[in-house]
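All remarks here apply to the structure that follows.
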Amino acid sequence: LPENEIRMWHENFFHDNPDGRLDRDEFRKIFHMLRQESPDRLDNICDHVFRAFDVDGNGFVEFGEFLVGFAVCSRGDLRSRLDYAFECYDLDSNGFITEDEIEPVLRGMYTLLGIKHVADYPPEIVAKDLMNKLDLTKDG
1 LPENEIRMWH ENFFHDNPDG RLDRDEFRKI FHMLRQESPD RLDNICDHVF
51 RAFDVDGNGF VEFGEFLVGF AVCSRGDLRS RLDYAFECYD LDSNGFITED
101 EIEPVLRGMY TLLGIKHVAD YPPEIVAKDL MNKLDLTKDG
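So for the sequence shown, the UniProt record's numbering puts the first residue at 1; every next one is plus one.
Okay, here's the thing in structure tokens:
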């Protein structure tokens, strides 16, 4: 990010959050503002995004974590975006992804994309298919 943009984010972040960190509710407000989509759609993925931004796992997103997460999501290279996506799916942060972790994220994505009729592609079936096709070593 350009230096002037970082300064602007820093000023706004600390103006609205003098303690320098966001809890889930504060993060949700900013996430909704940045994405400008239906709140119902965004709520389904917001917790996954919060968890990915909260790198140290302390239950808060500090300014540095927010800035890195925002930069990766909006402008990061392919590797950074893939790492971020992996963190969104790895719900228990154990370094592996299971079908049970993929399914709720898929449900959130379906809602975000406005997909209401999932009979042809139910999340549990899509999760199973993804694991069969992508997890060649069968270890998550």
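Every residue, glycine too, gets a C-beta built ideally from N, C-alpha and C.
Just so we're clear, the structure is a prediction, and the values are computed from it rather than from any experiment.
By the C-beta density criterion, Glu37 is exposed, having fewer than 16 other C-beta atoms within 10 angstroms.
Here DSSP, grouped into helix, strand and coil, assigns Glu37 to coil.
Judged by beta-carbon spacing, Val126 lies beyond the 9 angstroms limit of His48, meaning their Cβ atoms are not closer than that value.
The beta carbons of Phe53 and Phe14 sit no closer together than 9 angstroms. In chain order, Glu103 place their CB closer than 6 angstroms to the CB of Glu124, counting only its own chain and leaving out the 5 sequence neighbours on each side.
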